[in-house]
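Q:
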Amino acid sequence: MWYVVKTGPGLTRRTGFNLGPNLKRLNAIRLGSNVAATGAERDTARPKPPWERPSRRGRGDACPGAGVSVDFEHTREAYKSKDSLELLRSLVVFKLCSYDILVDKNKEIMDLGKKVMGQRAFEQLMKMTFYGQFVAGEDHRAIRPLLQKNQAFGVGSVLDFSVEEDLSPGEDQEDVLRPYVSTEGKTNTGADHRQGKHGMNTQCGERRRESCEARTYFYADEAKCDRNAETFLECIRASGGGALEGFSAIKMTALARPQFLLRLSEVLVKWRRFFSFLAAQQGYGNREALEQKLELKQLQEFLSRSGAEGDVHGWFTDTMQSSSGTIDMLDWDILIDSRADASHLLVVPDVGKGELVPLLDRFTAEEERQMKRILQRMDVLAKHAEENGVRLMVDAEQTYLQPAISYLTLEMQRVYNGQKPLILNTYQCYLKEAFTSLSVDLERSRRQGWCLGAKVVRGAYMHQERERAVLLGYEDPVHPDYQATNRMYHRCLDLLLEEISLSRKANVMVASHNEDTVRHTLRRMNELGLAPAEGKVSFGQLLGMCDQISFPLGQAGFPVYKYVPYGPVNEVMPYLSRRAQENRGFMKGAEWERELLLKELKRRLGSGEIFHRPVF
């Protein structure tokens, strides 16, 4: 199939943080699940708009004998699902979003609008403009007509209930954070903990109050998480039953208290850094993550010199089927995996003290219950998704929470992705470590025999990540510019496409509004012989953006989805504020999309089709 793109026994130290019993509960929930043993935001700089690039003519990826044609400049086909008022609304909204002052002061402007116009008139104005452009409706019944219309034109949906809540200024944030924050404002997770990337910081919380950036919500009780899980179940039911396979977006901080995810992330990061530290001691420090090795004999000698007692060499030899005498990062992870009860090995070196210390204190009984509830919620959602023919897409979040989110998501993939990728993890390519994370997860899926599902995005938390890095004094985790992010995106994408071509097991959603990235994907699919009908590669864009990409792809037979938010107007406004901030670079560079919209309106006016109504 060719495609044409027309371009127009262990250590005797204090007990560590034991994840084993909790994650074993997930295996108990899914009876009969196979457990394989292990072996050995984009920057504010934007891409050049079309008129600044080399001529589009002649740039098409045409191939002899091509059988599928995708034209991103054919406005009649791209916008035939829209009436002329919808096109006019898009023009106005995109133009307004190009003004920095409106984006920067959007919350203040909306608050003033409510005060001057009144709540009802303000909500009606929003439905005619921003809300109507980017949000599908107020509930799962109201959004059904739009889902059916998009599906009739070849575009599926990723449903996202986009109500966002935070602690109000009158709430006592200290009550929520007290178990985790010391009197100096530092995270209280153990005597040797140092404030850093995975520490909780009240100054960051205050900055979130003053900003429309993507936020983390600190819940005071588990009941809120249970209510969020019920909302996700409604999303799953609304996503099912269509001709196209549906998706439902899941936000892990809605299912688990972020304070807990923060502590779990700290454990995972410290443990993997300990591995890198030991690998460097043995001369493997400058290698890629999966090429770093530990010689077990040298490891035993190092730990013994550090004062640890016990036979770690024998533990690995007994646990692993391999007898090569070396272990890599994935072998190392079995120490905190659900299939090993080795919490007593979870210790790290304290250079200042010259001894091994536990990664974290043992979970309290309440935290043990939290872990159990997280796994139960995730399992219920996965079962309902499986029954309704819907796939779950776990959103990425901030880097200080993401290790725990990815770890839990991969555990669910291991259980549910045996035959096909029911659950997708998200990889943010504006992060410097994106390719390493993806490579490690891909190798994990190969060894354990399940299908990796990946959504590849550029990222949504850039400004917040950079502010936190400056405030807490650690290295900025984000690429310095858009070009570096773009290179990382294509590198991750190529890795996944090549894996699909070899094994036909992995799946990828190319979540991008960048035409060049979509063309790159189509070209690579062509070179690797990946047909659209296989459904291994899909595309995704936000509702209300880049219809000139989504609908031509769908009409050409490619799996393509709109990320469809919904919820009551007043409660979804924080989501719209956040999206305006996240996509300011894209909106400022949307002149090309505005040109296409204007071109289609002029065509309809000249051909007498100005009253065009979509037929489906």
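Per our numbering, the sequence shown runs over residues 1 to 616.
Ideal Cβ placement from N, Cα and C applies to all residues, glycine included.
1. Is there contact here, the stretch 235-248 with the stretch 385-401, by at least three beta-carbon pairs under 8 Å?
2. Taking the beta carbon of N425 as the centre, do at least 16 other beta carbons fall within 10 Å, making it buried, or is it exposed?
3. On the DSSP letters alone, give me the boundaries of the alpha helix (DSSP H) that Q298 sits inside.
4. Can you check whether the CB of T326 is closer than 8 Å to the CB of L294?
5. Smallest Cα separation from E87: which of G132, D100, S98?
6. With distances taken Cα to Cα, identify the nearest neighbour of M573 among P403, E138, A396.
7. Would you tell me roughly how many angstroms separate the C-alpha atoms of E571 and A121, rounded to the nearest one?
8. According to the Cβ coordinates, are V508 and V456 closer than 8 Å?
9. From the DSSP output, which residues share a beta bridge with M573?
10. Tell me which residues share the same chain as R613 and place their Cβ nearer than 8 Å to its Cβ, disregarding the 5 neighbours each side in the sequence.
11. Which residue marks the beginning of the alpha helix (DSSP H) containing F539, and which one marks its end?
12. Mind checking T364: buried by the 16 CB within 10 Å criterion, or exposed?
13. Shortest alpha-carbon distance to Y489 belongs to which of R468, A506, V518?
14. Between L452 and L495, how many whole angstroms is the CB-CB distance? I'm expecting something under 8 Å.
15. I'd like the ranges of any alpha helix (DSSP H) spanning at least 4 consecutive residues and lying wholly in the stretch 414-493.
16. What residue range is occupied by the uninterrupted beta strand (DSSP E) comprising G246?
17. Run through DSSP, which three-state label would T216 get?
18. Counting beta carbon pairs with one atom in the stretch 150-163 and one in the stretch 247-258, are three or more of them shorter than 8 Å?
19. Find out if the Cβ-Cβ distance for the pair H513, C546 is shorter than 8 Å.
20. Is it buried or exposed for R578, if we count other Cβ within 10 angstroms and need 16 for buried?
21. May I ask which residues mark the beginning and end of the beta strand (DSSP E) holding N526?
22. So, is D111 buried or exposed, given that buried needs 16 or more other C-beta atoms within 10 angstroms?
23. Taking Cβ to Cβ, would you say A580 is nearer than 8 Å to V103?
24. Hey, how far is the Cα of V93 from the Cα of C235?
25. Hey, A152 and F551: beta-carbon distance below 8 Å or not?
26. Inspect the CB distances between the stretch 264-277 and the stretch 587-601 and report whether three or more fall short of 8 Å.
27. Three-state secondary structure (DSSP) at P565?
28. For the ligand ADP, I want to know if P568 counts as a neighbour, meaning its beta carbon is within less than 7 Å of at least one of the ligand's heavy atoms.
29. Is P54 helix, strand or coil by DSSP?
30. For D226, collect the residues of the same chain with a Cβ closer than 6 Å to its Cβ; drop the 5 residues on either side in sequence, then sort them by chain order.
31. What residue ranges within the stretch 66-149 form continuous beta strand (DSSP E) runs of no fewer than 3 residues, ordered along the chain?
32. To the nearest angstrom, how far is the alpha carbon of L125 from that of E609?
33. To the nearest angstrom, how far is the alpha carbon of L91 from that of Q548?
34. Could you check if I101 is buried or exposed, using at least 16 other CB atoms within 10 Å of its CB as the buried criterion?
35. Which of helix, strand or coil does DSSP assign to G554?
36. Let's test the definition: count the other Cβ atoms within 10 Å of the Cβ of S324 and tell me whether it reaches 16, buried, or not, exposed.
A: Reading off the structure:
1. yes
2. As a first step, residue 425 is located in the sequence shown; it is residue number 425 there, counting from the start. Answer is buried; the Cβ neighbour count reaches 16.
3. What you label residue 298 is simply residue 298 of the sequence shown in a count that begins at 1. Per DSSP, Q298 belongs to the alpha helix (DSSP H) from 296-305.
4. Counting from 1 along the sequence shown, the entry for residue 294 is found at position 294. Counting from 1 along the sequence shown, the entry for residue 326 is found at position 326. Yes, they are a contact pair.
5. For the purposes of this step, residue 87 is taken as the residue at position 87 of the sequence shown. Reading off the sequence, residue 87 comes out as Leu, not Glu. Minimum Cα distance to L87 is reached at G132.
6. For this step, residue 573 is matched to residue 573 along the sequence shown. The shortest Cα separation from M573 among P403, E138, A396 belongs to E138.
7. Residue mapping note: residue 571 aligns to position 571 of the sequence shown, counting from 1. Residue mapping note: residue 121 aligns to position 121 of the sequence shown, counting from 1. Looking at the two C-alpha atoms, the distance is approximately 16 Å.
8. For the purposes of this step, residue 508 is identified with residue 508 of the sequence shown, where counting begins at 1. For the purposes of this step, residue 456 is identified with residue 456 of the sequence shown, where counting begins at 1. Contact: yes.
9. Translated into positions along the sequence shown, residue 573 becomes position 573. Answer by DSSP bridge pairing: none, since M573 is not bridged.
10. Position 613 of the sequence shown, counted from the start, is the residue given in the question as residue 613. Taken in chain order, the residues that qualify are D83.
11. Locating residue 539 in the sequence shown gives position 539, counting from the first residue. Here F539 belongs to no alpha helix (DSSP H); instead the beta strand (DSSP E) covers 537-542.
12. As a working mapping, residue 364 is identified with position 364 in the sequence shown. So T364 ends up on the exposed side.
13. For the purposes of this step, residue 489 is taken as residue 489 along the sequence shown, with counting starting at 1. Considering only alpha carbons, the answer is V518.
14. Taking the first residue of the sequence shown as 1, we reach residue 452 at position 452. Taking the first residue of the sequence shown as 1, we reach residue 495 at position 495. With a Cβ gap of about 11 Å, L452 and L495 do not count as contacting.
15. 434-448, 462-472
16. By one-based count along the sequence shown, residue 246 stands at place 246. Residues 246-250.
17. Residue 216 sits at position 216 when you count from the first residue of the sequence shown. Residue placement at T216 is flagged as unreliable, the pLDDT there being 47, under the threshold of 50; the coordinate-derived value follows with that caveat. Looking at T216 - three-state DSSP - the assignment turns out to be coil, as it is neither helix nor strand.
18. yes
19. Within the sequence shown, numbered from 1, the residue matching residue 513 stands at position 513. Within the sequence shown, numbered from 1, the residue matching residue 546 stands at position 546. Their beta carbons are under 8 Å apart, which means H513 touches C546 by this criterion.
20. Taking the first residue of the sequence shown as position 1, residue 578 is located at position 578. Looking at its Cβ environment, which holds 16 or more other Cβ atoms inside 10 Å, R578 is buried.
21. Taking the sequence shown and counting its residues from 1, one reaches residue 526 at position 526. For N526, no beta strand (DSSP E) run applies; the uninterrupted alpha helix (DSSP H) run containing it begins and ends at 515-528, by DSSP.
22. As a position in the sequence shown, residue 111 is number 111, starting the count at 1. Exposed.
23. Here residue 580 corresponds to residue number 580 of the sequence shown, with the count starting at 1. Here residue 103 corresponds to residue number 103 of the sequence shown, with the count starting at 1. For the pair A580 and V103, the CB atoms are nearer than the 8 Å cut-off.
24. Against the sequence shown, residue 93 aligns to sequence position 93. Against the sequence shown, residue 235 aligns to sequence position 235. Looking at the two C-alpha atoms, the distance is approximately 27 Å.
25. The count along the sequence shown starts at 1 and reaches residue 152 at position 152. The count along the sequence shown starts at 1 and reaches residue 551 at position 551. For A152 and F551, no; Cβs fall outside 8 Å.
26. no
27. Locating residue 565 in the sequence shown gives position 565, where the first residue counts as 1. Strand.
28. Annotation note on the ligand ADP: not contained in the displayed structure, which lists no ligands.
29. Taking the sequence shown and counting its residues from 1, one reaches residue 54 at position 54. Confidence is the limiting factor: at P54 the pLDDT is only 39, short of 50, which leaves the residue's position unreliable and the question unanswerable from this model.
30. Here residue 226 is taken as the residue at index 226 of the sequence shown, counted from 1. Hits under 6 Å: none found.
31. 68-71
32. Stepping through the sequence shown from its first residue, residue 125 is reached at position 125. Stepping through the sequence shown from its first residue, residue 609 is reached at position 609. Looking at the backbone, the Cα of L125 and that of E609 are separated by about 27 Å.
33. Counting from one through the sequence shown, the residue named residue 91 turns up at place 91. Counting from one through the sequence shown, the residue named residue 548 turns up at place 548. Distance between the alpha carbons of L91 and Q548 is about 13 Å.
34. Locating residue 101 in the sequence shown gives position 101, counting from the first residue. I101 comes out exposed.
35. Against the sequence shown, residue 554 aligns to sequence position 554. Three-state result, G554: helix.
36. Reading the sequence shown from its first residue, position 324 is the one you call residue 324. Label assigned to S324: exposed.
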